[in-house]
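Colleague: Once you've had a glance at the structure underneath, I'll fire off some questions.
Number of protein chains: 2
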Amino acid sequence: MEQYHPLTEAEAIEKARSIPGVLTPGAELVCNEIGDGNLNLVFHVKEPATGKGIILKQALPYAKVVGESWPLSLDRARIESEALIIQGNVAPGLVPKVYEYVPELALTVMEDLSDHIIMRKGLIEGNKYPLFAAHIGEFMARTLFFTSDFGMNQQEKKRQSGRFINPDLCKITEDLIFDDPYWDSPNNNTSPAILDDAVALRNDKELHEAVSRLRYGFLTKGQALLHGDLHTGSIFVTPESTKAIDPEFAFYGPMGFDVGAVIANLLLNYAAQGGRMNDAEKLRDFRAYLADTIVQVWNEFETRFRALWNEHAADRMLRASNYIDEFVPELLQDTFGYAGCKVVRRIVGLAHVADIDGIEDDALRARAQRVALAIGTALIKHHRNAKSIQEIIEIAERETSAKEGI
Amino acid sequence: MEQYHPLTEAEAIEKARSIPGVLTPGAELVCNEIGDGNLNLVFHVKEPATGKGIILKQALPYAKVVGESWPLSLDRARIESEALIIQGNVAPGLVPKVYEYVPELALTVMEDLSDHIIMRKGLIEGNKYPLFAAHIGEFMARTLFFTSDFGMNQQEKKRQSGRFINPDLCKITEDLIFDDPYWDSPNNNTSPAILDDAVALRNDKELHEAVSRLRYGFLTKGQALLHGDLHTGSIFVTPESTKAIDPEFAFYGPMGFDVGAVIANLLLNYAAQGGRMNDAEKLRDFRAYLADTIVQVWNEFETRFRALWNEHAADRMLRASNYIDEFVPELLQDTFGYAGCKVVRRIVGLAHVADIDGIEDDALRARAQRVALAIGTALIKHHRNAKSIQEIIEIAERETSAKEGI
Numbered sequence: 313m314e315q316y317h318p319l320t321e322a323e324a325i326e327k328a329r330s331i332p333g334v335l336t337p338g339a340e341l342v343c344n345e346i347g348d349g350n351l352n353l354v355f356h357v358k359e360p361a362t363g364k365g366i367i368l369k370q371a372l373p374y375a376k377v378v379g380e381s382w383p384l385s386l387d388r389a390r391i392e393s394e395a396l397i398i399q400g401n402v403a404p405g406l407v408p409k410v411y412e413y414v415p416e417l418a419l420t421v422m423e424d425l426s427d428h429i430i431m432r433k434g435l436i437e438g439n440k441y442p443l444f445a446a447h448i449g450e451f452m453a454r455t456l457f458f459t460s461d462f463g464m465n466q467q468e469k470k471r472q473s474g475r476f477i478n479p480d481l482c483k484i485t486e487d488l489i490f491d492d493p494y495w496d497s498p499n500n501n502t503s504p505a506i507l508d509d510a511v512a513l514r515n516d517k518e519l520h521e522a523v524s525r526l527r528y529g530f531l532t533k534g535q536a537l538l539h540g541d542l543h544t545g546s547i548f549v550t551p552e553s554t555k556a557i558d559p560e561f562a563f564y565g566p567m568g569f570d571v572g573a574v575i576a577n578l579l580l581n582y583a584a585q586g587g588r589m590n591d592a593e594k595l596r597d598f599r600a601y602l603a604d605t606i607v608q609v610w611n612e613f614e615t616r617f618r619a620l621w622n623e624h625a626a627d628r629m630l631r632a633s634n635y636i637d638e639f640v641p642e643l644l645q646d647t648f649g650y651a652g653c654k655v656v657r658r659i660v661g662l663a664h665v666a667d668i669d670g671i672e673d674d675a676l677r678a679r680a681q682r683v684a685l686a687i688g689t690a691l692i693k694h695h696r697n698a699k700s701i702q703e704i705i706e707i708a709e710r711e712t713s714a715k716e717g718i
Numbered sequence: 313m314e315q316y317h318p319l320t321e322a323e324a325i326e327k328a329r330s331i332p333g334v335l336t337p338g339a340e341l342v343c344n345e346i347g348d349g350n351l352n353l354v355f356h357v358k359e360p361a362t363g364k365g366i367i368l369k370q371a372l373p374y375a376k377v378v379g380e381s382w383p384l385s386l387d388r389a390r391i392e393s394e395a396l397i398i399q400g401n402v403a404p405g406l407v408p409k410v411y412e413y414v415p416e417l418a419l420t421v422m423e424d425l426s427d428h429i430i431m432r433k434g435l436i437e438g439n440k441y442p443l444f445a446a447h448i449g450e451f452m453a454r455t456l457f458f459t460s461d462f463g464m465n466q467q468e469k470k471r472q473s474g475r476f477i478n479p480d481l482c483k484i485t486e487d488l489i490f491d492d493p494y495w496d497s498p499n500n501n502t503s504p505a506i507l508d509d510a511v512a513l514r515n516d517k518e519l520h521e522a523v524s525r526l527r528y529g530f531l532t533k534g535q536a537l538l539h540g541d542l543h544t545g546s547i548f549v550t551p552e553s554t555k556a557i558d559p560e561f562a563f564y565g566p567m568g569f570d571v572g573a574v575i576a577n578l579l580l581n582y583a584a585q586g587g588r589m590n591d592a593e594k595l596r597d598f599r600a601y602l603a604d605t606i607v608q609v610w611n612e613f614e615t616r617f618r619a620l621w622n623e624h625a626a627d628r629m630l631r632a633s634n635y636i637d638e639f640v641p642e643l644l645q646d647t648f649g650y651a652g653c654k655v656v657r658r659i660v661g662l663a664h665v666a667d668i669d670g671i672e673d674d675a676l677r678a679r680a681q682r683v684a685l686a687i688g689t690a691l692i693k694h695h696r697n698a699k700s701i702q703e704i705i706e707i708a709e710r711e712t713s714a715k716e717g718i
């Protein structure tokens, strides 16, 4: 048993060599630390002669973003590894394969997906991913259904939920998403250019009530094993393939939190493109693509989730009473609410998104922030009345028009 | 470390002697096995010379009621012991003291409460307990508040919920309360005299929809550490004292399940007394007492729960938005629904109550069963529209009049 220490690149290469059946025995290997997250080291060990590779992800015992002052349990590496294995079982091909998990090093050795790019980067570049909605809809439908009381034995679900109690990473979410944005927290990172909008958030009682309800749902609704951080920076894409990565925030929570995360990050790009694309026609077209994608993500998810229910729902009572018809509308409401929270925190909270922060022009960047904030707060306030996914698009278009004057 | 085996009375005496400070050293002791539950041995070790005693409760690895064919985890003894300790910390004096827990024997050694009687027995005898509502209201307010996200650190609450994952005993509830009564399950125990009413339950789609919603809440709403089986057979009383015992069903679930359990068992006695008390004036008076008690249980609970919130609620967001004013009305709805489910299962399901089954006259017993069933189903159907605890009394009076013709 090795004692925990951050791996060196040489150690990463040695570990990669020990995985059978991936790299060529004896081949020359190179290693780069490519982590762009805040919590982990990520080593990419590559065999230049063939292009084959292996990824080694090691949890750090603190959050890099705030130095060593924010200690985090290394147990999250186990959670990530176990979540990837479960997700890979129920949603094959939609997550990286896990080759090995080394508990004492908090190290997961897994499939190299470097032929993919981070979806956030792809969207910033204006790329379209026509298969994305179907893929991520399938990923969410299958992972959420088959880890819920609908799709697995209810006693085994309870035991499984016990293996995904994830207090440290849940606390990050509870603070950064459901608390800090709504007061003058020292954790916040608000651009002075939109300070008036940020201050308005802190004084909006109707908004706080709606956020409190969503916060309490996050704390208590143990519906399914969530990815827990399903933004476009946690999704690898090619035109043909979609892979959800980095489920270290996995825990049993409300399903709408995952669906809302995907939609929120499409909305953030939607807001951002107003400060990125100069050509009005191109902007209109790309926003129409993003809006269609949002509607499709929900529809693909809902269609598949209902199909899984029809085929696999095991619970006699729930099935006989067609509980799904009560459940899905509530899930849509949660999706609106959590999408809104996830948009807001990316504008005024600690962690931003490159879609918006990367806009070079100060005025356009501030405008995009205001657009996003208006969409996010409108979604939160509307969530209990949400009836159709189309209403997200109406809100996005309305708030964009109001702020961009188009 | 002793190997698990059911204790003999001699072993129970030996263990009782080893507890310091309770019994007189060297005194003569007698032992009786007094378990009237289905899942445990309960030894009462008594010192006849002084009346002092100790209770030893040992979990059996199967449910007695169905022979050895229903295996149960002995882990429930740990859960019961840990729950009693937590409840004793936050609601002092309202549960028996735990002297020792012996994991390898699944044995809890605790305070002798044989000066108390089981409340169900007291109510059957027509006794009134004027302090009961305040005591049980305080027990529920304090145990539910201080184990919830409102009253404890939210990360510690997550860890604590992991120690109360209780699949075996939750399955008993899920089957016996939320499933069997609504179909022709072989587990059911339905009197042929009310078979028409029982069959009507099985075909009532509106009822099944409401039960499904409550079932799903039981499966997913991790609000607080529930007692989990808080009927009047799990409550010891004297005119001055109330003690909640036997929390082996403890788990993190919806708060309304505990509050509903108490109210359901008052309603079952309410229905039963129509077949027990011959004197109309006495019956009217005792039912008025029970109705007042139901209203008081809720009011005492709500008043204390809100007071705890005002004094102790730690969550900035929830507190700032006064989330309690959204939470309590939903909790009242859950209380109606779970109370209804708990009444219904005691009439057509596996486990009945002596209040009703002990009625000697066949016709009066059947009438009481019909009264209870009508109250239970009305509560379940009404639960989402419940606005005030007084509506429970209106439903009870209406359904009683209709079935008793008074």
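Line order of the protein sequences matches chains A and B.
Take 313 as the starting number for the first sequence in my numbering and just add one per residue.
Take 313 as the starting number for the second sequence in my numbering and just add one per residue.
All residues carry an ideal CB built from backbone N, CA and C; glycine is no exception.
Please confirm if E527/B has its CB atom under 7 Å from at least one CB of chain A.
Modeller: In the second sequence, residue 527/B corresponds to position 215, counting from 1. According to the sequence as given, residue 527/B is Arg; it is not Glu. Yes, R527/B lies at the interface with chain A (some Cβ there is under 7 Å from its Cβ).
Colleague: When every heavy atom of the ligand GTP is checked, does at least one fall within less than 6 Å of the C-beta of K654/A?
Modeller: Of the ligands one can find in the structure shown there are none, so the ligand GTP has no counterpart to examine.
Colleague: Does any C-beta atom of chain B lie closer than 7 Å to the C-beta of P479/A?
Modeller: Residue numbering aside, residue 479/A sits at position 167 when the first sequence is read from its first letter. With 7 Å as the cut-off, P479/A counts as an interface residue toward chain B.
Colleague: Cα separation between R502/B and I705/B?
Modeller: The residue labelled residue 502/B in the question sits at position 190 within the second sequence. The residue labelled residue 705/B in the question sits at position 393 within the second sequence. Checking the displayed sequence, the identity of residue 502/B turns out to be Thr instead of Arg. Cα-Cα distance, rounded: 26 Å.
Colleague: Check whether the Cβ of L435/A lies closer than 7 Å to any Cβ atom in chain B.
Modeller: Working through the first sequence from its first residue, we reach residue 435/A at position 123. False, the Cβ-Cβ gap to chain B never drops below 7 Å.
Colleague: For Y650/A and chain D, any beta-carbon pair shorter than 7 Å?
Modeller: In the structure shown, chain D does not exist; the protein chains are A and B.
Colleague: Give me the DSSP bridge partner(s) of I429/A.
Modeller: One-based indexing of the first sequence puts residue 429/A at position 117. The partner list for I429/A (beta bridge, DSSP) reads V549/A.
Colleague: What are the start and end residues of each continuous beta strand (DSSP E) run of 3 or more residues lying completely inside the stretch 391-460 of chain A, in chain order?
Modeller: Those beta strand (DSSP E) runs which fall completely within the stretch 391-460 of chain A and span 3+ residues are 410-414 and 419-423.
Colleague: Can you tell me the Cα-Cα spacing of G449/B and P498/A, whole angstroms?
Modeller: Within the second sequence, the letter at position 137 stands for residue 449/B. Within the first sequence, the letter at position 186 stands for residue 498/A. If I take the Cα positions, the gap works out to 40 Å.
Colleague: Can you give me the C-alpha to C-alpha distance between T647/B and P566/B, rounded to a whole angstrom?
Modeller: Numbered from 1 along the second sequence, position 335 holds the residue referred to as residue 647/B. Numbered from 1 along the second sequence, position 254 holds the residue referred to as residue 566/B. Approximately 9 Å, taken between the alpha carbons.
Colleague: Shortest alpha-carbon distance to A322/A belongs to which of F355/A, V683/A, L685/A and H539/A?
Modeller: Counting from one through the first sequence, the residue named residue 322/A turns up at place 10. Checking every option, the nearest Cα to that of A322/A belongs to F355/A.
Colleague: For D491/A, is the classification buried or exposed, using 16 other Cβ atoms within 10 angstroms of its Cβ as the cut-off for buried?
Modeller: As a working note, residue 491/A is residue 179 in the first sequence. By the neighbour-count rule (16 or more Cβ atoms within 10 Å), D491/A is buried.
Colleague: Q399/A versus chain B: which residues are under 7 Å apart at the beta carbon?
Modeller: Numbered from 1 along the first sequence, position 87 holds the residue referred to as residue 399/A. By Cβ distance, chain B contributes nothing, its closest Cβ being about 20 Å from Q399/A, past 7 Å.
Colleague: So, are the CB atoms of G347/A and L353/A less than 7 Å apart?
Modeller: Working through the first sequence from its first residue, we reach residue 347/A at position 35. Working through the first sequence from its first residue, we reach residue 353/A at position 41. The answer is yes: Cβ separation under 7 Å.
Colleague: Return the CA-CA distance between M589/A and F598/A, expressed in angstroms with no decimal places.
Modeller: In the first sequence, the residue the question calls residue 589/A occupies position 277. In the first sequence, the residue the question calls residue 598/A occupies position 286. If you take the alpha carbons of M589/A and F598/A, they lie about 9 Å apart.
Colleague: Can you confirm whether Y374/A, when its beta carbon is compared against all beta carbons of chain B, has any partner nearer than 7 Å?
Modeller: Taking the first residue of the first sequence as position 1, residue 374/A is located at position 62. Taking Cβ atoms only, chain B never reaches closer than 7 Å to Y374/A, which makes this a no.
Colleague: Taking all protein chains shown into account, decide if P318/A is buried (16 or more other Cβ within 10 angstroms of its Cβ) or exposed.
Modeller: Mapped onto the first sequence, residue 318/A falls at position 6. It is exposed - the Cβ of P318/A has fewer than 16 other Cβ atoms within 10 Å.
Colleague: Can you give me the start and stop residues for the beta strand (DSSP E) that G565/A sits inside?
Modeller: The sequence position of residue 565/A within the first sequence is 253, counting from 1. First-last of the beta strand (DSSP E) with G565/A: F563 to G565.
Colleague: Just grab the DSSP bridge partners of Q370/B for me.
Modeller: Taking the second sequence and counting its residues from 1, one reaches residue 370/B at position 58. Answer by DSSP bridge pairing, in chain order: L353/B and L419/B.
Colleague: Could one say the Cβ of S385/B lies closer than 7 Å to chain A's Cβ atoms, at least one of them?
Modeller: Counted from its first residue, the second sequence places residue 385/B at position 73. It does not; no Cβ of chain A falls within 7 Å.
Colleague: Using a Cβ-Cβ cut-off of 7 Å, state whether E394/A counts as contacting chain B.
Modeller: Taking the first residue of the first sequence as position 1, residue 394/A is located at position 82. Not an interface residue.
Colleague: Output yes if chain B places a C-beta closer than 7 Å to the C-beta of H520/A; else output no.
Modeller: Taking the first residue of the first sequence as 1, we reach residue 520/A at position 208. Closer than 7 Å to some Cβ of chain B, the Cβ of H520/A qualifies, so yes.
Colleague: Of the choices W610/B, L579/B, C653/B and N622/B, whose alpha-carbon is the least far from that of D667/B?
Modeller: Working through the second sequence from its first residue, we reach residue 667/B at position 355. It is L579/B whose Cα lies nearest to the Cα of D667/B.
Colleague: Roughly how many angstroms lie between the CA atoms of R616/B and W610/B, to the nearest whole one?
Modeller: The residue given as residue 616/B occupies position 304 in the second sequence. The residue given as residue 610/B occupies position 298 in the second sequence. For R616/B and W610/B, the distance between alpha carbons rounds to 10 Å.
Colleague: Any C-beta of chain B sitting closer than 7 Å to the C-beta of T615/A?
Modeller: Here residue 615/A refers to the residue found at position 303 of the first sequence. No, T615/A lies away from the interface with chain B (no Cβ there is under 7 Å from its Cβ).
Colleague: Pick out the complete alpha helix (DSSP H) segments inside the stretch 619-689 of chain B, 4 residues or longer, and give them in chain order.
Modeller: DSSP runs (the alpha helix (DSSP H)) wholly in the stretch 619-689 of chain B: 628-632, 636-660 and 666-669.
Colleague: Check this for me: beta carbons of L537/B and F476/B, under 7 Å apart or not?
Modeller: What you label residue 537/B is simply residue 225 of the second sequence in a count that begins at 1. What you label residue 476/B is simply residue 164 of the second sequence in a count that begins at 1. Going by C-beta atoms, L537/B is nearer than 7 Å to F476/B.
Colleague: From the DSSP output, read off the bridge partner residues of N344/A.
Modeller: Along the first sequence, read from residue 1 onward, the residue named residue 344/A stands at position 32. Bridge partners of N344/A: H356/A.
Colleague: Report yes or no: is there a C-beta of chain B within less than 7 Å of the C-beta of K470/A?
Modeller: Along the first sequence, one-based indexing puts residue 470/A at 158. Yes, because at least one Cβ of chain B sits closer than 7 Å to the Cβ of K470/A.
Colleague: Excluding the five sequence neighbours on either side, which residues of its own chain have a C-beta within less than 7 Å of the C-beta of Q585/B, listed in chain order?
Modeller: Walking along the second sequence from the start, residue 585/B turns up at place 273. Contacts found: L595, F598 and R599.
Colleague: If you draw a straight line from the alpha carbon of G400/A to that of V656/A, how long is it in whole angstroms?
Modeller: Locating residue 400/A in the first sequence gives position 88, counting from the first residue. Locating residue 656/A in the first sequence gives position 344, counting from the first residue. Cα-Cα distance, rounded: 31 Å.
Colleague: Which residues in the same chain have their Cβ closer than 8 Å to the Cβ of K715/A, if we skip the five residues on either side of it in sequence?
Modeller: Working through the first sequence from its first residue, we reach residue 715/A at position 403. These residues qualify, in order along the chain: R679, R682, V683 and A686.
Colleague: Please name the residue in F451/A, N439/A and K654/A whose C-alpha comes closest to that of A576/A.
Modeller: By 1-based counting over the first sequence, the position of residue 576/A is 264. Of F451/A, N439/A and K654/A, the residue nearest in Cα terms is K654/A.
Colleague: Do G572/B and A651/B have their beta-carbon atoms positioned less than 7 Å apart in this structure?
Modeller: Your numbering for residue 651/B matches position 339 in the second sequence. Your numbering for residue 572/B matches position 260 in the second sequence. Their beta carbons are under 7 Å apart, which means A651/B touches G572/B by this criterion.
Colleague: Going by beta-carbon coordinates alone, are V549/A and M431/A separated by less than 7 Å?
Modeller: One-based indexing of the first sequence puts residue 549/A at position 237. One-based indexing of the first sequence puts residue 431/A at position 119. Contact: yes.
Colleague: Compute the Euclidean distance between the alpha carbons of I506/A and G717/A, then round it to the nearest angstrom.
Modeller: Position 194 of the first sequence, counted from the first residue, corresponds to residue 506/A. Position 405 of the first sequence, counted from the first residue, corresponds to residue 717/A. One C-alpha to the other measures close to 17 Å.
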